[in-house]
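Structure first, then comments.
Numbering (my numbering), first residue to last: 8 to 284.
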């Protein structure tokens, strides 16, 4: 099986599972966000050479604790609603706990660098998916609308697919040769136009009560810009450590970071915009 066929098969299987999970109910969205954030965090720590068990376990443990709190709140619906301070307090504790691990790692040659990389991984991989979850699951769980997270996912996917094929067929001019020689302006523009086209039609295809068509178009613009920048940022990370892929969990695509790098960077901007509505 050639790489394109393997890539398409993986996308079909993994994409179908993601769509079903998000469509099913908030628990499915919770599972999707948890897996993408924790697996991405694990890959990021490996990518940046954070190999000490203490660093990895603290970062993954604190991220898992936050997801567990979200799950408990979800399962109990409005009977057990944690105030935002609970989540922020757990997140804030991550940095001092990592610092304590650093203190008790006397043989560690670059403790400050690993502390910084681990903290960056926590923010880079965990925070965006947690923002997507918080944005999509209202206080009254019964009001959950799968169309919001699904729309964001579809816009990101159509951008990636469009950029990939437009780049392969039409690509002539390097977009950012220093970081990723294979990415082209033609691919970026082609993917962006497809993303904007889908964004313009999303309100008719999947109307969301509090998001008008104009706002979907703005979200598409955010994704078209920042998702592609996210792809370049992850390429910079990999180039810095002389790696081709962040992992191998998704055959034909690489790792979780390779597949969701765009969402990691665009979701904070989407959250900021939609929270203003």
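Quick reminder that beta carbons are idealized off the backbone N, C-alpha and C, glycines included.
- Task: Out of 101, 124, 191, state which residue places its alpha-carbon closest to the alpha-carbon of residue 248.
- Result: Numbered from 1 along the chain shown, position 241 holds the residue referred to as residue 248. Of the listed residues, the one whose Cα sits closest to residue 248 is 124.
- Query: So does the region 182 to 195 actually touch the region 148 to 163, counting three or more Cβ pairs closer than 8 angstroms?
  - Reply: no
- With 16 as the cutoff for other CB atoms within 10 Å, does residue 65 come out buried or exposed? Indexing the chain shown from 1 puts residue 65 at position 58. Buried, by the Cβ-count rule.
- Measure how close the beta-carbons of residue 29 and residue 153 come, nearest whole angstrom, since I'm counting them as under 8 angstroms. The count along the chain shown starts at 1 and reaches residue 29 at position 22. The count along the chain shown starts at 1 and reaches residue 153 at position 146. That belief holds up - the Cβ atoms of residue 29 and residue 153 are roughly 5 angstroms apart, short of 8 angstroms.
- DSSP puts residue 218 in a beta bridge; with which residues? Position 211 of the chain shown, counted from the first residue, corresponds to residue 218. Partner(s): 215.
- residue 18: first and last residue of the uninterrupted beta strand (DSSP E) it sits in: Counted from its first residue, the chain shown places residue 18 at position 11. Here residue 18 belongs to no beta strand (DSSP E); instead the alpha helix (DSSP H) covers 10 to 31.
- Task: Would you check if there are 3 or more beta carbon pairs closer than 8 angstroms linking the region 65 to 80 to the region 126 to 137?
- Result: yes
- Query: Quick one: any contact between the region 42 to 53 and the region 9 to 23, if contact means 3 or more CB pairs under 8 angstroms?
  - Reply: no
- Who are the near neighbours of residue 97 in its chain, counting only those whose CB is closer than 8 angstroms to its CB and skipping five residues on each side? Here residue 97 refers to the residue found at position 90 of the chain shown. Correct list, in chain order: 69, 72, 73, 76.
- Terminal residues of the continuous alpha helix (DSSP H) containing residue 121? Numbered from 1 along the chain shown, position 114 holds the residue referred to as residue 121. Start and end: 118 to 128.
- Item | Endpoints, the alpha helix (DSSP H) within which residue 170 is located | In the chain shown, residue 170 corresponds to position 163, counting from 1. Residue 170 -> alpha helix (DSSP H) spans 154 to 177.
- Query: Just checking my contact of residue 170 with residue 206 at CB under 8 angstroms: how many whole Å lie between their CB atoms?
  - Reply: Within the chain shown, residue 170 is the residue found at index 163, counting from 1. Within the chain shown, residue 206 is the residue found at index 199, counting from 1. No, residue 170 and residue 206 are not in contact; Cβ-Cβ is about 15 angstroms, not under 8 angstroms.
- Tell me residue 181's beta-bridge partners as DSSP assigns them. For the purposes of this step, residue 181 is identified with residue 174 of the chain shown, where counting begins at 1. Answer is 191, bridged to residue 181.
- Query: Would you report the Cα separation of residue 140 and residue 270, rounded to the nearest angstrom?
  - Reply: Against the chain shown, residue 140 aligns to sequence position 133. Against the chain shown, residue 270 aligns to sequence position 263. Using only the alpha carbons, I get a separation of about 13 angstroms.
- Query: Assuming residue 34 and residue 102 make a contact with CB atoms under 8 angstroms, what is their CB distance in whole Å?
  - Reply: Stepping through the chain shown from its first residue, residue 34 is reached at position 27. Stepping through the chain shown from its first residue, residue 102 is reached at position 95. Not quite, the Cβ-Cβ distance comes to about 30 angstroms (not below 8 angstroms), so this is no contact.
- Quick one: is residue 266 buried, meaning 16 or more other Cβ sit within 10 Å of its Cβ, or exposed? In the chain shown, residue 266 corresponds to position 259, counting from 1. By the 10 Å Cβ count, residue 266 comes out buried.
- Query: Can you list the alpha helix (DSSP H) stretches of 4 or more residues lying completely in the region 31 to 83, in chain order?
  - Reply: 33 to 54, 60 to 82
- Item | Rounded Cβ spacing between residue 165 and residue 201 (contact assumed at less than 8 angstroms) | As a working note, residue 165 is residue 158 in the chain shown. As a working note, residue 201 is residue 194 in the chain shown. Residue 165 to residue 201, Cβ: 5 angstroms. Contact.
- Whose CA, out of 281, 275, 284, 283, lies closest to the CA of residue 137? Locating residue 137 in the chain shown gives position 130, counting from the first residue. Selected option, being the one with the closest Cα: 275.
- Provide the residue span of the alpha helix (DSSP H) that contains residue 278, from first to last. To locate residue 278, count along the chain shown from 1; it is residue 271. Its alpha helix (DSSP H) spans residues 263 to 282.
- Item | Contact under 9 angstroms by Cβ, residue 280 with residue 225 | Sequence index remark: in the chain shown, residue 280 carries index 273 (1-based). Sequence index remark: in the chain shown, residue 225 carries index 218 (1-based). A contact, by the Cβ cut-off of 9 angstroms.
- Output the distance between the C-alpha atoms of residue 278 and residue 143, rounded to the nearest integer angstrom. In the chain shown, the residue the question calls residue 278 occupies position 271. In the chain shown, the residue the question calls residue 143 occupies position 136. One C-alpha to the other measures close to 10 angstroms.
- Residue range of the unbroken alpha helix (DSSP H) whose run includes residue 151: Within the chain shown, residue 151 is the residue found at index 144, counting from 1. Segment: none, residue 151 is in no alpha helix (DSSP H) and carries neither H nor E.
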